[in-house]
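Following: one structure in structure tokens, then a few remarks.
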Amino acid sequence: MPQYQAVKGARDIFPEEAARWKHVEGVVHALAALYGFNEIRTPVFEYTELFQRGIGSTTDIVGKEMFSFQPDPNGRSITLRPEMTAGVMRAALQKNILGTAPVQKLYYISELFRKERPQAGRQRQFSQFGAELLGVSSPAAVAEVITFMMQVFDSLGLRGLRLRINSLGGTHDRLRYREALQAYFSPYRQKLDTPSLERLEKNPLRILDSKNPDLQEIVSGAPKLYDYLDTEALDDFDKVLFYLSERGIAFDIDHRLVRGLDYYCYTAFEVTGTELGAQDAVGGGGRYDGLARELGSSSDIPAAGFAVGMERLLMTMEKQGLFTALKLQAPLVYVVLQQQEYTDVAMQVTFRLRKSGIRTEADLAGRSMKSQMREANRLRCSFALFIGENEVATGQYTLKNLVTSEQSTLPLDRLIEILHEPASGE
RNA sequence: GUGAUUGUAGCUCAGCUGGUUAGAGCGCCAGGUUGUGGCCCUGGAGGUCGGGGGUUCGAGUCCCCUCAUUCACCCCA
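Just so we're aligned, residue 1137 is where the first sequence starts under my numbering, counting upward by one.
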């Protein structure tokens, strides 16, 4: 074991994997532009209260998973962001961007931090891409956000992802339902497990999420949220489903889908994959009309958004073999020098090639010709350009095609022309 | 936070009931070809056997502690 290791739950991404990230990020950026979402970058830390208010103090994230610290002895507590929505909303309110344009469509690809035990598909530092649509509260807005997300999956070539969707109703609906749940579960107190008992008081909806097999029977008999939705909520939900169907987006209605964050209302959704192990959620989101008020806004700001776990997305793509064709970009030319005394010439030539836009690599370590050739081969270069006694004397250099093994000796200007020809791969 | 799992070379792993200088494949470096790679051949470098303690004549192998990994629970992306 080396003396220093990456912090628990944090990992390094080396060049080959970084290429995969760039590929995925490229698709996200391109589709965001297509859908009219603009990138926002917010600080990695915020005042702790923001998350306590925004995410909800009863949630696990706030209760036990935040990296919080106090930089100044008597100063305010600061927290490494465990999710993006609260920060984005804070930024929007702080600058009052809705004052200049009443609808804001924002997206991000950002690093998040949660103090959990790492396991497959879960790290302490991880990243999400996501979108937030602020200022509109229509089924069309929710459908737009979901469609954007699903098209990213589609464009990346993902198959077999499952979209589950539910309506949580408005505040009134949820209040009535909450009481109904408490009434239903209270007689079962003896049988409930500790976390469920706690939820019974704080947030009974989340009992429905329980995976405890012993509780399944009780849970399945619980009142359905769906039966407590008023017509407005039902119409809203139907409309969202209508848009999705019309666009050919498959979904499963799941009346037990609740989601862990307090701020969701009306539509909530989640996308799961089968290749991820226990942590099978790739992304999720919903509508959160109440968040802005929670954060001190004097007016209502309806909003909808989603977040997708980049690591889980990449993991699923890997399992589905979607990266096989992706390789690091190879240099076109490797400059090989016969003896070290030609280093200066080699550096000049290398520079000229690069200046003309040709991806060029050269030996910086003074290694043997054989090593240089092996290196050229390892890097999958298409050409080797030799600098030796003859070349220096005549000013004509030897270019070898490493695939066909053909080589010719010509002035550098001429070689650069050849290298720029499409057949050369440039 | 709880449970289980694994920890031997850069990587993937051997190492029988504890017994001489700890191995293989791949990778890396060098040479075979002092102006030419991929294949092949030869050689080489590289290991506090995660760390500490204990049992023993003797520990990579057994025991304890510790650190780390991985997976699962909880919850979530």
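All residues carry an ideal CB built from backbone N, CA and C; glycine is no exception.
- Residue range 1417 to 1423 is occupied by the beta strand (DSSP E) that includes Ala-1417.
- For the pair Thr-1460 and Glu-1411, the Cα-to-Cα distance works out to about 17 angstroms.
- For Gln-1261, the secondary structure class from DSSP, reduced to helix, strand or coil, is strand.
- With a cut-off of 8 angstroms on Cβ pairs, the stretch 1325 to 1343 is not in contact with the stretch 1444 to 1451, counting fewer than three such pairs.
- By the neighbour-count criterion, in which a residue is buried when 16 or more other Cβ atoms sit within 10 angstroms of its Cβ, Tyr-1399 is buried.
- Annotation: the continuous beta strand (DSSP E) that includes Lys-1536 extends over 1532 to 1537.
- Excluding residues up to 5 positions away in sequence, Ala-1228, Gln-1240, Leu-1270, Gly-1271 and Ile-1437 lie with their Cβ nearer than 8 angstroms to the Cβ of Leu-1234 in the same chain.
- One alpha carbon belongs to Asp-1208, the other to Ile-1245, and they sit about 30 angstroms apart.
- Assigned with DSSP and collapsed to three states, Val-1407 falls in strand.
- When secondary structure is reduced to three states using DSSP, Tyr-1478 falls in the helix class.
- The residue among Ala-1237, Arg-1335 and Gly-1190 with its C-alpha nearest the C-alpha of Val-1394 is Arg-1335.
- According to DSSP, Pro-1547 shares a beta bridge with Gln-1532.
- Distance from the CA of Gly-1199 to the CA of Asn-1339, rounded to the nearest whole angstrom, comes to 14 angstroms.
- In the three-state reduction of the DSSP assignment, Ser-1246 falls in the strand class.
- Inter-segment contact for the stretch 1213 to 1220 and the stretch 1183 to 1198 is present: three or more beta-carbon pairs are separated by less than 8 angstroms.
- In the pairwise beta carbon analysis, the stretch 1294 to 1303 is classified as touching the stretch 1373 to 1392: at least three pairs are separated by under 8 angstroms.
- Beta bridge pairing from DSSP links Thr-1215 with Glu-1182 and Ser-1204.
- Of the residues Leu-1464, Lys-1144 and Glu-1252, the one whose Cα lies closest to the Cα of Leu-1515 is Leu-1464.
- In this structure, the alpha-carbon of Glu-1182 lies about 56 angstroms from that of Asn-1537.
- A Cβ-Cβ separation of about 6 angstroms places Ser-1303 in contact with Thr-1403 under the 8 angstroms criterion.
- Between Gln-1264 and Ala-1443, the C-beta spacing is below 7 angstroms.
- Less than 7 angstroms separates the beta-carbon of Leu-1365 from that of Gly-1305.
- Scanning its chain for C-beta atoms nearer than 6 angstroms, with the 5 sequence neighbours on each side dropped, one finds around Tyr-1171 the residues Phe-1284, in chain order.
- The stretch 1520 to 1535 and the stretch 1544 to 1553 touch, with no fewer than 3 CB-CB distances between them shorter than 8 angstroms.
- The Cβ atoms of Leu-1458 and Ala-1155 do not sit closer than 7 angstroms to each other.
- Going by C-alpha positions, Glu-1268 is about 35 angstroms away from Leu-1351.
- One Cα belongs to Ser-1504, the other to Val-1160, and the distance between them is close to 39 angstroms.
- In the DSSP annotation of this structure, the continuous segment of the beta strand (DSSP E) that includes Tyr-1470 starts and ends at 1469 to 1473.
- Per DSSP, the continuous alpha helix (DSSP H) segment holding Thr-1307 begins and ends at 1307 to 1321.
- Distances from the CA of Ser-1560 to each of Gln-1259, Phe-1405, Gln-1287 and Pro-1467 were compared; the closest alpha carbon is that of Pro-1467.
- Judged by DSSP secondary structure, Ala-1222 falls within the alpha helix (DSSP H) whose first and last residues are 1221 to 1231.
- If you ignore the 5 residues before and after Ser-1213, its C-beta comes within less than 6 angstroms of the C-beta of Thr-1184, Ser-1204 and Gln-1206, all in its own chain and listed in chain order.
- Glu-1152 and Asp-1371 have their alpha carbons spaced roughly 48 angstroms apart.
- For the alpha helix (DSSP H) assignment, the uninterrupted runs of no fewer than 4 residues enclosed by the stretch 1272 to 1300 are, from N- to C-terminal side, 1275 to 1292.
- For Thr-1496, DSSP records a beta bridge to Val-1469.
- Closest in C-alpha terms to Ala-1414, from the list Phe-1321, Pro-1254, Gly-1422 and Arg-1312, comes Pro-1254.
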